[in-house]
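Q:
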Amino acid sequence: MRVRGEQAAPVRYGGGRREPQEVRRGHVVGQTTDVPEGGGAVFSHSKLVVTQPEKGEYKAFSAACTHGGCTVQEVEDELIRCLCHGSEFDYVSGDPVAGPAKDPLESFTVSIDGTDIILD
């Protein structure tokens, strides 16, 4: 479990054999430096995807696809993509825009402390 000040790199392409750990409220999800403006990053250790649609505006969503439960793998072209079955979600709202998923990704509130992204 990470707490403020610890470092970890985002995972943009799922995978790995270890089960991700859930991050509790008040703990660091990742670093703002890992979330590009106009894009996002998947943090598999926290089971969250964080996007930055506009400079300084951060959105957080569950990284579990609402279709089959796969972990979403990438954020590109203003979309959060699950490569398992082709579902795509809007990176601002988490709403499904393509693929078999019909439900939006669960959203979460985060705050910023320096470069730390903290789950509220």
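Residues 10 to 129 in this note's numbering are what the sequence shown lists, from first letter to last. Just so it is clear, CB atoms sit at the ideal spot from N, CA and C, and this is done for glycine as well.
Compare the Cα-Cα distances from GLY77 to each of LEU88, HIS94, ALA69, LEU57 and report the closest residue.
A: HIS94
Q: In whole angstroms, what separates the C-alpha of HIS54 from that of GLN40?
A: Taking the straight line joining both Cα atoms gives about 13 Å.
Q: Does DSSP classify ASP43 as helix, strand or coil?
A: helix
Q: Assuming GLU83 and TYR100 are in contact, meaning their beta carbons sit under 8 Å apart, how far apart are those beta carbons, in whole angstroms?
A: 11 Å between Cβ atoms; not a contact.
Q: Have a look at LYS111 and VAL44 and give me their C-alpha separation to the nearest angstrom.
A: 26 Å
Q: Assign ALA107 to one of two classes, buried (16 or more other C-beta atoms within 10 Å of its C-beta) or exposed (fewer than that).
A: exposed
Q: Which of the three DSSP states, helix, strand or coil, is assigned to ASP104?
A: coil
Q: Please work out which residues of its chain come closer than 6 Å, Cβ to Cβ, to ALA72, disregarding the five sequence neighbours upstream and downstream, and give them in chain order.
A: VAL51, LYS56, LEU57, VAL58, THR80, VAL81
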